[in-house]
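Take a look at the structure below.
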Amino acid sequence: MLPTCLHTESLLLPLLIRQHIDQIMSSHGKQILQAVTLILEAEHSVEVKEQTLCILANIADGNTAKEILMTNDDMLQKIKYYMGHSNVKLQLAATFCVSNLIWNEEDVQAVVSSDCSPKGQHSSGSQERQDKLREMGFVDILHKLTQASDPNLCDRAKTAMQQYLA
8 MLPTCLHTES LLLPLLIRQH IDQIMSSHGK QILQAVTLIL EAEHSVEVKE QTLCILANIA
68 DGNTAKEILM TNDDMLQKIK YYMGHSNVKL QLAATFCVSN LIWNEEDVQA VVSSDCSPKG
128 QHSSGSQERQ DKLREMGFVD ILHKLTQASD PNLCDRAKTA MQQYLA
């Protein structure tokens, strides 16, 4: 059992991080996404591209940042491309991005503040994100990845699919 102060801190940390992500993306989002684009388009090692996709996944955890990413079709196409890449590390990192983009924070808030069962429908923001990603073909790729031979990739894709079905 964690000491109460550590347990409370672990619950608040994601909220604090999310606020910082949104603040950074609100003021520097365009430049950050330009840098990410340059890295993903250039000849870099798998490890560098994997870490860059992880940066995107962390960005996709912010509420305002999600919206910034969702309006950047070029970046969404890059994430989609890496979901279908031959390297499992890149597929996994890109799938993590999608998972964060479709995540419905309002459902989490309802679970945390209630009896641990989500109430109602998805928020309009998460539903719009899910609809757009579905139209762009992300759900089809996720479905294929649920059959992946790599157990981590398979599990991540199944988790993302469950978020769509929730």
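To convert, take the position in the sequence shown, counting from 1, and add 7; that gives my numbering.
Idealized CB from N, CA, C, for every residue including glycine.
No experiment lies behind these values; they were computed from the predicted model shown.
Excluding five sequence positions before and after A64, the CB atoms of its chain that fall closer than 6 Å to its own CB belong to F103, C104, N107, given in chain order. Contact annotation: L47 and M143 have beta-carbon atoms that are not nearer than 8 Å. Within 10 angstroms of the beta-carbon of G91 lie fewer than 16 other beta-carbons, which makes it exposed. The beta carbon of L97 is closer than 7 Å to those of V53, K56, E57, L60, Y89 in its chain, skipping five residues each way along the sequence.
The beta carbons of M32 and I39 sit about 7 Å from each other, so the pair counts as a contact at 8 Å. Between the C-alpha atoms of L99 and I148 there is a straight-line separation of about 12 Å.
For V95, the CB contacts under 7 Å within the same chain, skipping 5 residues up- and downstream, are D157, L160 in chain order. Taking each of A101, T166, L152, R141 in turn and checking the Cα distance to A67, the smallest one comes out for A101.
Membership of T59 in the alpha helix (DSSP H) is indicated by the continuous run 53-66.
Sequence-distant partners of K73 (beyond 5 residues in either direction) whose C-beta falls short of 7 Å from its own C-beta, in its chain, are A67, L108, R136.
Here S133 is buried: its Cβ has 16 or more other Cβ atoms, across all protein chains shown, within 10 Å.
T44 and Q26 have their C-alpha atoms spaced approximately 23 Å apart. Around the CB of D29, 16 or more other CB atoms lie within 10 Å, so the residue is classed as buried.
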